[in-house]
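Below you'll find the structure, written out as structure tokens, and then a few comments.
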Amino acid sequence: MRVAPSYAVFTVTFAAVFSVVYVLAVENNWALFSYAPATGTFAPLVAPAAAGPTMYWYGWIATAAIAAGAVAGLASLVPESVAKWIWPGWSWAVPVAVLIAFGYLLSGYFLR
Amino acid sequence: MWITLLIAHGLAAFMLLGAVTHQALGVWLPARGKSAAFVNRVRAVPPTSYVNAVVVLFLATMILGGIIYTNYRVGARLTLERGRFWKTFGAFELKEHIVTIGLAVLPAYWYFWRAPLREEYARTRAMLTTVLAFIVWWGFVVGHLANNVRGLGT
Chain A
432 MRVAPSYAVF TVTFAAVFSV VYVLAVENNW ALFSYAPATG TFAPLVAPAA AGPTMYWYGW
492 IATAAIAAGA VAGLASLVPE SVAKWIWPGW SWAVPVAVLI AFGYLLSGYF LR
Chain B
58 MWITLLIAHG LAAFMLLGAV THQALGVWLP ARGKSAAFVN RVRAVPPTSY VNAVVVLFLA
118 TMILGGIIYT NYRVGARLTL ERGRFWKTFG AFELKEHIVT IGLAVLPAYW YFWRAPLREE
178 YARTRAMLTT VLAFIVWWGF VVGHLANNVR GLGT
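Line order of the protein sequences matches chains A and B.
Take the first sequence: its position 108, counting from 1, is numbered 539 in this note's numbering, and each next residue is one higher.
Take the second sequence: its position 130, counting from 1, is numbered 187 in this note's numbering, and each next residue is one higher.
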């Protein structure tokens with residue numbers, strides 16, 4: 432199967448944008464929807480559960496996936512002359528930076 | 058049902074761990090020459106043969122983990138908090154975010170491992186494989202640690 436060159440730009444942009452938007456979504460609680468596991472109910476955006484804990488993780492993933500999909504879709508439209516200058520290493524460098532950021536943000540649990 | 062899902066999650070994670078570790082070893086320490094030694098045969102695997110398995114197993118493991126997570130949230134997580142197992146608690150919180158970043162790199166990982174392999178992407182392939190291997194190992198070890206605190210059916 433042949434893959435279009437624009438897919439390379441899409442995947443690199445998707446990895447970088449998803450990672451950045453995800454950490455921002457977690458820090459600012461930009462959840463697209465909320466889930467209450469005790470009652471099994473979903474609610475749009477950030478909505479504390481009526482009973483038990485509220486889960487925002489699925490909502491953060493949805494926020495990051497939609498934002499990354501949209502930005503990467505637009506980025507994949509750039510002409511090939513521009514696309515060839517996009518460093519493929521952004522696909523791992525940005526996610527690694529975000530992993531380090533999460534390690535720092537949650538370091539309090541390991542220093543107690 | 059939760060125990061069945063947890064066992065399926067663990068088995069999928071175990072297969073994923075094997076696949077991505079084999080691939081990472083094949084990328085960074087390829088076998089030189091022919092030898093029947095076990096370590097050499099492990100290193101001699103063609104890394105491309107694991108790509109689809111890694112993608113499918115990563116998604117399957119994450120979906121199963123995502124379902125089980127609801128049960129963890131209302132049960133085991135409270136046990137970790139009440140018992141003040143903060144390191145295990147934090148490691149599991151980190152796992153939640155780390156595996157999500159794995160989801161972000163998965164399309165690029167799949168793309169750059171598509172045949173024919175281009176030489177200029179060799180470093181990108183190696184790094185994406187390493188990142189995924191780290192993510193999978195973290196998820197596997199931390200999952201076991203959390204399970205040891207609040208195990209199957211307890």
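We put the beta carbon where it would ideally sit given N, CA and C, even for glycine.
DSSP state of A498 of chain A, grouped into three classes?
Three-state result, A498 of chain A: helix.
Taking the alpha-carbon of A439 of chain A as reference, which of B:T181, B:H201 and B:F197 has the nearest alpha-carbon?
Per the Cα distances, B:T181.
Which residues in the same chain as I155 of chain B place their Cβ atom closer than 6 Å to its Cβ, once the five residues preceding and following it in sequence are excluded?
I192 and W195, listed in sequence order.
For T78 of chain B, does the three-state DSSP call read helix, strand or coil?
Looking at T78 of chain B - three-state DSSP - the assignment turns out to be helix.
Residues of chain B with a CB under 7 Å from the CB of L530 of chain A: which are they?
Ordered by position in chain B, the residues that pass the 7 Å Cβ test against L530 of chain A are I155 and I158.
Answer yes or no: do T145 of chain B and A70 of chain B have a C-beta to C-beta separation smaller than 8 Å?
It is not a contact, given that the beta carbons lie outside the stated cut-off.
Taking only three categories from DSSP, how would you classify F142 of chain B?
Here F142 of chain B sits in coil by DSSP.
Answer yes or no: does any C-beta atom of chain A fall closer than 8 Å to that of K144 of chain B?
So yes, K144 of chain B belongs to the interface.
Please report how far the alpha carbon of V111 of chain B lies from the alpha carbon of I517 of chain A, in whole angstroms.
Answer to the nearest angstrom: the Cα atoms are 26 Å apart.
Closest Cβ-Cβ distance between A439 of chain A and chain B: below 8 Å?
Judged by the 8 Å Cβ criterion, A439 of chain A is in contact with chain B.
Quick one: which chain A residues come within Cβ less than 9 Å of E138 of chain B?
Residues of chain A passing the Cβ test: none, with the nearest at roughly 11 Å.
Using DSSP with H/G/I as helix, E/B as strand and the rest coil, what is M486 of chain A?
Here M486 of chain A sits in strand by DSSP.
Would DSSP call S512 of chain A helix, strand or coil?
Of the three classes helix, strand and coil, the one that applies to S512 of chain A here is helix, per DSSP.
Looking at chain B, is there any beta carbon in it that lies within less than 8 Å of the beta carbon of W516 of chain A?
By this cut-off, W516 of chain A is not an interface position.
Since L151 of chain B and L537 of chain A are thought to touch, with beta carbons under 8 Å apart, how far apart are those beta carbons, to the nearest angstrom?
That pair is a contact at about 5 Å.
Spatial neighbours of P468 of chain A within its chain, please: C-beta separation below 7 Å, excluding the five flanking residues on both sides.
Around P468 of chain A: G483, P484 and M486.
Within 10 angstroms of its Cβ, does R433 of chain A collect 16 or more other Cβ (buried), or is it exposed?
Because R433 of chain A sits at a pLDDT of 47, beneath the cut-off of 50, its placement in the model cannot be relied upon, and the point is left open.
Go to Y126 of chain B, then tell me how far its alpha helix (DSSP H) extends in each direction, as first and last residue.
Note, Y126 of chain B: alpha helix (DSSP H), V108 to V131.
For F449 of chain A versus G490 of chain A, is the C-beta spacing smaller than 8 Å?
Cβ atoms of F449 of chain A and G490 of chain A: not closer than 8 Å.
Considering Cα atoms alone, identify which of A:Y453, A:L530, A:S507 and A:G500 is closest to I492 of chain A.
Checked all of A:Y453, A:L530, A:S507 and A:G500; the closest Cα to I492 of chain A is A:Y453.
Are V99 of chain B and T186 of chain B closer than 8 Å when you measure CB to CB?
Result no, Cβ atoms of V99 of chain B and T186 of chain B do not sit closer than 8 Å.
Does DSSP classify T61 of chain B as helix, strand or coil?
Helix, per DSSP.
Within the 8 Å Cβ cut-off, does E176 of chain B reach chain A?
Taking Cβ atoms only, chain A never reaches closer than 8 Å to E176 of chain B, which makes this a no.
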